[in-house]
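Below is one structure, written out as structure tokens; the observations come after it.
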Amino acid sequence: MANTGFTIWFTGLSGAGKSTLSDALEKRLRQHGRNVEILDGDIVRTHLSKGLGFSREDRDTNIKRIAFVCGLLTRNGVVCISAAISPYREAREWARQEIGNFAEIYVKCPIEVCRDRDVKGLYKLVDEGKIKNFTGVDDPYEEPEHPELIIETNAETIEESVQRILHKLVELEYLDASYLETPISTL
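Printed below as a string of structure tokens:
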């Protein structure tokens, strides 16, 4: 189990807290000497998926590329964290099948809270008509039907969320119980 690779697949609206949770979780896993890679949706679109638009086909292609990389890393003992909106159930299920050791975590947050956070200013651009087909506003987001875990970032602290994720990963036998003993003071 100590070197088991697996993928944590965060999904949720823009501003829900996927990147924040990814960074906090990465720190906890690295405290245990784990190799961890984060595939953040924004960074992937800049490098691996440059040139793709936001049609359903392009979004699915983006998710398949992320899943491919996660699968390679997972097979080689790396903990992979995907932090991409990944709005469509079908693409997320495809990723689950491709990767194998997979935990889908729905980062659920009301769109009003996501709008208030709007660290990237995207919702403002949507409201000004400068961005079209924005997930959750004028493009669909299909909530997961059976995620391994739902994290409500508007109702719990980052520390509480990370602890719940670690508990789930221990329950799934991707991690051993020692991961639950590490203090969260570094978050």
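Residues in the sequence shown are numbered from 0 upward in steps of one, following numbering that gives the first Met the number 0.
Yeah, the Cβ is synthetic: ideal placement off N, Cα and C, and Gly gets one too.
Do you know how far the Cα of residue j is from the Cα of residue i?
{"i": "Val40", "j": "Trp8", "result": "It should be pointed out that residue 40 corresponds to Gly in this sequence rather than to Val. When rounded, the distance between both Cα atoms is 11 Å."}
{"i": "Arg33", "j": "Val78", "result": "7 Å"}
{"i": "Asn237", "j": "Leu20", "result": "Residue coverage of the chain in this structure runs from 0 to 186, which leaves residue 237 outside it and unanswerable."}
{"i": "Leu174", "j": "Glu97", "result": "21 Å"}
{"i": "Asn75", "j": "Asp126", "result": "43 Å"}
{"i": "Asp138", "j": "Ile42", "result": "21 Å"}
{"i": "Gly135", "j": "Thr60", "result": "19 Å"}
{"i": "Ala176", "j": "Glu170", "result": "9 Å"}
{"i": "Pro143", "j": "Leu71", "result": "24 Å"}
{"i": "Glu103", "j": "Gly128", "result": "32 Å"}
{"i": "Glu147", "j": "Gly120", "result": "30 Å"}
{"i": "Cys69", "j": "Lys123", "result": "32 Å"}
{"i": "Val112", "j": "Asn2", "result": "37 Å"}
{"i": "Ile164", "j": "Ser54", "result": "31 Å"}
{"i": "Phe67", "j": "Glu155", "result": "32 Å"}
Counting contacts by CB-CB distance shorter than 8 Å, is residue i in contact with chain D?
{"i": "Glu142", "result": "Absent from the structure is chain D; it holds one protein chain and no more."}
Helix, strand or coil: which one does DSSP assign to residue i?
{"i": "Glu147", "result": "coil"}
{"i": "Thr19", "result": "helix"}
{"i": "Asp138", "result": "strand"}
{"i": "Tyr105", "result": "strand"}
{"i": "Ile7", "result": "strand"}
{"i": "Glu127", "result": "coil"}
{"i": "Thr185", "result": "In this predicted model, Thr185 has a pLDDT of only 46, less than 50, meaning its place in the structure is not dependable; the value taken from the coordinates is given anyway. If DSSP states are grouped into helix, strand and coil, Thr185 belongs with coil."}
{"i": "Ala176", "result": "helix"}
Who are the Cβ neighbours of residue i in its own chain at under 8 Å, not counting the five residues just before and after it?
{"i": "Arg29", "result": "Val35"}
{"i": "Gly4", "result": "Leu72, Thr73, Arg74, Asn75, Gly76, Val77, Val78, Cys79, Asn100"}
{"i": "Arg91", "result": "Trp8, Thr10, Ile62, Ser85, Glu103, Pro143"}
Looking only at its chain, what residues have a beta carbon closer than 7 Å to the beta carbon of residue i, apart from the 5 residues adjacent to it on each side?
{"i": "Pro109", "result": "Asn153"}
Ranges of the beta strand (DSSP E) found wholly within the stretch 35–96, counting only runs of at least 3: Within the stretch 35–96, the complete beta strand (DSSP E) runs of at least 3 residues are 35–39, 78–82.
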